[in-house]
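Here this note's numbering is used: the first residue of the sequence shown is 72, the next is one more, and so on. By construction, the Cβ of each residue, glycine as well, lies at the ideal position given by its N, Cα and C atoms. These notes are about the structure you will find just below.
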Amino acid sequence: MSYQMFLARALQKLGVLRALELHHSKPGILIVSHHRIGVPTETCFDRNLFGATVDELDAQIQYFKKRAPIVSGEELENLVSGKTPVKHLYVAFTFDDGYLDNYTKALDVFRSSGTTAAFFLVSDYVGTATVPWWDEIAYRLRNTKRTEIQLESPTPLKLSLNGHRGVAIDAVLQHYKQANTVQAEEMMDDIRREAECELPEVKRRFLNWDEAREMQAAGMTIGSHTLSHAILGKLSPEAQKKELEGSKNAIERQLGSNVKSLAYPVGEKGCFNETTEKIAIDAGYSMCFSAYGGINNATHLRRSNLLRGTVPSDPDKFRAVAAARISPWTASLVGR
Ligand SMILES: [Zn+2]
């Protein structure tokens, strides 16, 4: 358990968090980052992407709704541009990758609660059964009969698969993010060769254009998550431009609306850079989202790097962490 979590839970036990929840929060925009909705153990792919079940997502929305306005894409844009002053706390929900469960599960939760969220699509994945690198790594490492595998690229990594495979999967996913484009391909070849197991037959995994149109009609914001989910910071400026402009054009053609928001793939520091931010603004995006945590406030409110963070799926942990994030006193105490 992290120090932050330990402290938040201790405060919760003492009843301090409940008092803080009633206290006025500091002005700012708290943006929640999600990927998939559902039960993690029901997938044979990457379980880390499941940020909440349907019930947990509903509880998260209800929790924030009582404490701060949950803003639409347009309202968020007005806050970010300064058209609406950030006088108190606002909350926004976002979803990366465009998995089918965003349509089959998340959409109804937002509709029935009278709130909205932003969904960032990888335009090449829309309507397809693509198994992206993170899902492929998770599947092969969880299903291989090998008890140890050896990767050579980008640096040698010997992995024992005797213990909890989730730990090994996390280690390889982190390793992948360190690799450049060529090394990443070599690494996937290593994994395919070493794991000696084939991917399963899969049905469609990503929402399609009709579903995206229905979500947009229901008030959801549809944004870009690039053409191919390439990690932008590893690409040349020309290749980044192609990813950002290409996906924007593809989504606009299909949805008939202006695409103004972008979530940087992976979104961690180093996965995009100042060049990326400039290219994104030049391409016509007015809200670009990272994913390494933090709240957007007077200290940091930048349209080319809007801070987002995840929240725990477990309801008790969620409540503790959410309360800590919206309170300045607790936030400074727990380092967020
Ligand atoms: Zn993503």
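Assuming residue i contacts residue j (C-beta within less than 8 angstroms), just tell me the rounded distance between them.
i, j, result
"residue 342", "residue 303", "7 angstroms"
"residue 163", "residue 147", "5 angstroms"
"residue 359", "residue 376", "6 angstroms"
"residue 170", "residue 100", "That pair is no contact at about 25 angstroms."
"residue 295", "residue 194", "7 angstroms"
"residue 173", "residue 278", "6 angstroms"
"residue 151", "residue 372", "7 angstroms"
"residue 138", "residue 397", "6 angstroms"
"residue 180", "residue 208", "Actually they are not in contact, since the Cβ atoms of residue 180 and residue 208 sit about 29 angstroms apart, beyond 8 angstroms."
"residue 219", "residue 232", "6 angstroms"
"residue 255", "residue 247", "6 angstroms"
"residue 266", "residue 212", "7 angstroms"
"residue 319", "residue 355", "7 angstroms"
"residue 97", "residue 368", "7 angstroms"
"residue 176", "residue 109", "6 angstroms"
"residue 122", "residue 347", "So it is not a contact: roughly 24 angstroms between Cβ atoms."
"residue 276", "residue 201", "7 angstroms"
"residue 393", "residue 326", "Their Cβ separation, rounded to whole angstroms, is 32 angstroms, which puts residue 393 and residue 326 out of contact at 8 angstroms."
"residue 105", "residue 203", "So it is not a contact: roughly 16 angstroms between Cβ atoms."
CB of residue i to nearest heavy atom of ligand 1: below 6 angstroms?
i, result
"residue 336", "yes"
"residue 167", "yes"
Is it right to say residue i is buried, meaning 16 or more other beta carbons lie within 10 angstroms of its own, or is it exposed?
i, result
"residue 410", "With the chain running from 72 to 407 in the structure shown, residue 410 is simply not present."
"residue 235", "exposed"
"residue 103", "buried"
"residue 409", "Given a span of 72 to 407 for the chain in the structure shown, any question on residue 409 remains unanswerable."
"residue 406", "The predicted model places residue 406 with a pLDDT of 44, which falls under 50 and marks its position as unreliable; any figure quoted below should be read in that light. Residue 406 comes out exposed."
"residue 403", "Any answer about residue 403 is weak, because its pLDDT of 49 lies below 50 and its placement is not dependable; what the coordinates show is given next. Residue 403 should be labelled exposed."
"residue 385", "exposed"
"residue 335", "buried"
"residue 379", "buried"
"residue 131", "buried"
"residue 196", "buried"
"residue 206", "buried"
"residue 328", "exposed"
"residue 269", "exposed"
"residue 361", "buried"
"residue 245", "exposed"
"residue 159", "exposed"
"residue 221", "exposed"
"residue 292", "buried"
"residue 107", "buried"
"residue 340", "exposed"
"residue 331", "buried"
"residue 133", "exposed"
"residue 127", "buried"
"residue 337", "buried"
"residue 117", "buried"
"residue 260", "exposed"
"residue 305", "buried"
"residue 74", "exposed"
"residue 210", "buried"
"residue 353", "exposed"
"residue 310", "exposed"
"residue 314", "buried"
"residue 281", "exposed"
Checking contacts by CB at 7 angstroms: is residue i closer than that to chain B?
i, result
"residue 342", "Absent from the structure: chain B. Only one protein chain is present."
Exercise for the section: Would you mind listing the alpha helix (DSSP H) stretches within the stretch 253-309 that are 4+ residues and don't spill past its ends, in chain order? Expected result: For secondary structure counted as the alpha helix (DSSP H) over 4 or more consecutive residues, the stretch 253-309 holds these complete runs in sequence order: 280-288.
Handout entry: 3-residue-minimum beta strand (DSSP E) runs that sit fully inside the stretch 89-156, ordered along the chain
Key = Whole beta strand (DSSP E) segments, 3+ residues: 99-105 and 121-123.
Handout entry: Every unbroken alpha helix (DSSP H) within the stretch 202-242, with a cutoff of 4 residues, ordered by chain
Key = Those alpha helix (DSSP H) runs which fall completely within the stretch 202-242 and span 4+ residues are 204-214.
Exercise for the section: Counting only runs of 3+ residues fully inside the stretch 358-397, write out the beta strand (DSSP E) ranges in chain order. Expected result: Qualifying beta strand (DSSP E) stretches, in chain order: 358-360.
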